[in-house]
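Asks: Just remember that the numbering used here sits 1144 ahead of the position in the sequence shown, which is counted from 1. Where a beta carbon is used, it is the ideal one built from N, C-alpha and C, also for glycine. Below you'll find the structure I mean.
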Amino acid sequence: MNTDVVVAGAGPSGLSLAIALSQAGLRVSVVDPADEAALSAPPDDGREIALTPLSQSLLRQWGQWQRLETGEQPPLREARVFDGSSLRPMTVSPPSGQPQLGWMVSNHALRRVAYAQAQAEGGIDWYLGRRLQHAGREADAAVAVLDDGERIPARLIVAADSRFSSTRRAAGIPARMHDFGRSMLVCRMRLQRPQPGVAWEWLDYGQTLALLPLGDNLASVVITLPPSAIDSLRDLPEAAFNDDITRRFRQRLGTMELVGERFAYPLVGVHPERCVARRFACIGDAAVGMHPITAHGYNLALRGIALLADRLRGAHGRGVDIGDDAVLDAFQHEFRAITRPLFLATQGIVQLYGDDRLPARVLRRAGLRFGQHFPPFRRLLARTLDASDPRPPPWMRVAERLLWRTPRPRSD
Ligand SMILES: Cc1cc2nc3c(=O)[nH]c(=O)nc-3n(C[C@H](O)[C@H](O)[C@H](O)COP(=O)(O)OP(=O)(O)OC[C@H]3O[C@@H](n4cnc5c(N)ncnc54)[C@H](O)[C@@H]3O)c2cc1C
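So, in structure tokens, the structure goes:
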């Protein structure tokens, strides 16, 4: 067997795992339906990813951050959260000693540098233009079967094939999906009154607006509405679109002008019951599909990748089978201690701040006032962005052990 791990999916998560494992001395095969041209120059998809200091340090450790070009990583210095018509936000600032909360990087730039770095690594075999069709998993070995019938024997198969992962489903892992009944429109806009380094999350009545600073008077604008309203907004002629968005932001940023294309995303949260099975693990959106409102998706993916890579490196170094149940269970335990509270908290925020009825409005306003006037709460929020260790703090590990035992059938 000359492959240790088969990774299904060459998105930013699958590629980052392939890099981390290759650097740990493991032999990796990557499978993706995209071809070389699409992976080396991925098209803009409108997503601007807010990255935390921990994510930045992992991307640097794996050689990806250094490949970004100057200007591709504008700083994020402060986040302001507004509720309804109130002009008084809750402000989240960097913890003391930190100059900023994080960085903004386009998703297509993250994909480009991940592929370039993965190409530069030895130890990765590529199976492009093909899909993983089936994962055969026995007690002592696994085999990845591709859609053209080619078979890749391995010790472990990892699904990194999006939140709707067909590989996870084929492995028999159930997932809870929550369709929020909303879509998101994302685009770049030029602002008459820019807010350098400042992000806005505006939990308005009937809509949610976000603004992510990109430098040069530009910002990424994110609007959440019912899907039919998003479709109409996407199809509006440009001048009418500019007027509409300027009005939605109540002229607080002056006039706003579209730069480039508009992209729409349906909002569906996905929480699989488990993220491991026999000789099988999930990472990235396949392991937890977050609502983007709290900007945790790729940040959590990178934490999970660091945890899995660490467990596999350790097992490999000790001469232990990397597909062993105990190795995978240890990864799952640490990863879910971090993701489960964040997933549940994010769902709660989306539900509360998507509710415009009077009692909810009172609670919404009270929540932000409490946050603004209770500095330890804001420090806790900033610390969730600033964790310097991918492992969960001890209290989260204990809570995971006591409160949420994750079932893991041995017969799968
Ligand atoms: C509008 C928006 C804004 C966001 N903002 C943020 C943010 O600010 N911060 C943050 O941390 N996250 C954010 N996210 C989340 C982030 O974009 C995702 O978490 C991240 O892109 C997931 O990457 P992935 O590699 O796991 O999955 P994907 O990017 O979905 O990649 C999956 C890959 O699997 C491949 N594939 C599919 N099926 C198969 C198969 N059968 N075999 C092999 N390969 C297969 C696909 O071709 C693809 O290349 C945002 C998301 C959205 C939609």
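Looking at isoleucine 1427 and leucine 1161, is the spacing between their C-beta atoms short of 8 angstroms?
Replies: Counting from 1 along the sequence shown, the entry for residue 1161 is found at position 17. Counting from 1 along the sequence shown, the entry for residue 1427 is found at position 283. Contact: yes.
Asks: Going by beta carbon distance, what residues of the same chain come within less than 7 angstroms of isoleucine 1449, once the five residues before and after it are set aside?
Replies: Here the question's residue 1449 lines up with position 305 in the sequence shown. Closer than 7 angstroms at the Cβ level, and outside the excluded window around isoleucine 1449, lie Ser1157, Ser1160, Leu1161, Ala1164 and Ile1427.
Asks: Drop a sphere of 10 angstroms on the beta-carbon of aspartate 1384, count the other beta-carbons inside from all chains shown, and report buried for 16 or more, exposed for fewer.
Replies: For the purposes of this step, residue 1384 is taken as the residue at position 240 of the sequence shown. Here residue 1384 is alanine; the residue named in the question, aspartate, does not match the sequence. Flag for alanine 1384 reads exposed.
Asks: With burial defined as no fewer than 16 other Cβ atoms inside 10 Å of the residue's Cβ, what is the status of proline 1197: buried or exposed?
Replies: Within the sequence shown, the letter at position 53 stands for residue 1197. Label assigned to proline 1197: buried.
Asks: Taking 7 angstroms as the limit between beta carbons, can you name the residues of its chain near proline 1642, skipping five residues before and five after?
Replies: This structure leaves residue 1642 out entirely; the chain is present only between 1145 and 1556.
Asks: Return the first residue and the last residue of the alpha helix (DSSP H) that glutamine 1205 is part of.
Replies: As a position in the sequence shown, residue 1205 is number 61, starting the count at 1. Note, glutamine 1205: alpha helix (DSSP H), 1197 to 1205.
Asks: By how many angstroms is the C-alpha of threonine 1390 removed from the C-alpha of arginine 1554?
Replies: Start at 1 with the first residue of the sequence shown, and residue 1554 comes out as number 410. Start at 1 with the first residue of the sequence shown, and residue 1390 comes out as number 246. For arginine 1554, the predicted model reports a pLDDT of 46, less than 50, meaning its position is unreliable; a value from the coordinates is still stated below. Going by the C-alpha atoms only, they are around 56 angstroms apart.
Asks: Quick check on glycine 1266: does DSSP put it in helix, strand or coil?
Replies: One-based indexing of the sequence shown puts residue 1266 at position 122. The answer is coil: DSSP assigns glycine 1266 none of H, G, I, E or B.
Asks: Taking the alpha helix (DSSP H) that tyrosine 1442 falls in, what are its first and last residues?
Replies: The residue given as residue 1442 occupies position 298 in the sequence shown. Taken as a continuous stretch (DSSP letters only), the alpha helix (DSSP H) holding tyrosine 1442 covers 1441 to 1462.
Asks: Shorter than 7 angstroms, the distance from the beta carbon of glycine 1311 to the closest heavy atom of ligand 1, or not?
Replies: As a working mapping, residue 1311 is identified with position 167 in the sequence shown. What sits at residue 1311 in the sequence shown is threonine, not glycine. Yes, the beta carbon of threonine 1311 sits closer than 7 angstroms to at least one heavy atom of ligand 1.
Asks: Beta-carbon within less than 8 angstroms of leucine 1358's beta-carbon, same chain only, minus the 5 sequence neighbours each way: which residues are those?
Replies: Residue 1358 sits at position 214 when you count from the first residue of the sequence shown. The answer, listed in chain order, is Glu1192, Pro1218, Met1248, Arg1332 and Ser1364.
Asks: Any heavy atom of ligand 1 closer than 7 angstroms to the CB of aspartate 1379?
Replies: Numbered from its first residue, the sequence shown carries residue 1379 at position 235. For ligand 1, not one heavy atom lies less than 7 angstroms from the Cβ of aspartate 1379.
Asks: Taking DSSP as the reference, what is the three-state secondary structure of arginine 1554?
Replies: Residue 1554 sits at position 410 when you count from the first residue of the sequence shown. With a pLDDT of 46 at arginine 1554, under the threshold of 50, the modelled position of this residue cannot be trusted; read the value that follows with caution. Coil, per DSSP.
Asks: Is arginine 1275 near ligand 1 - that is, is its Cβ less than 7 angstroms away from at least one heavy atom of it?
Replies: Working through the sequence shown from its first residue, we reach residue 1275 at position 131. Checking the Cβ of arginine 1275 against ligand 1 gives yes.
Asks: In whole angstroms, give me the CA-to-CA distance for proline 1534 and glycine 1350.
Replies: Against the sequence shown, residue 1534 aligns to sequence position 390. Against the sequence shown, residue 1350 aligns to sequence position 206. Rounded to the nearest angstrom, the two C-alpha atoms are 36 angstroms apart.
Asks: Could you work out which residue in Val1151, Ala1459, Phe1407 and Pro1436 is closest to alanine 1474 when comparing CA atoms only?
Replies: Position 330 of the sequence shown, counted from the first residue, corresponds to residue 1474. Among Val1151, Ala1459, Phe1407 and Pro1436, the Cα nearest to that of alanine 1474 belongs to Ala1459.
Asks: Could you give the distance in angstroms between the alpha-carbon of leucine 1444 and the alpha-carbon of arginine 1484?
Replies: Within the sequence shown, residue 1444 is the residue found at index 300, counting from 1. Within the sequence shown, residue 1484 is the residue found at index 340, counting from 1. Rounded to the nearest angstrom, the two C-alpha atoms are 11 angstroms apart.
Asks: Would the beta-carbon of methionine 1328 be found less than 7 angstroms away from any heavy atom of ligand 1?
Replies: As a first step, residue 1328 is located in the sequence shown; it is residue number 184 there, counting from the start. Yes, Cβ of methionine 1328 sits closer than 7 angstroms to a heavy atom of ligand 1.
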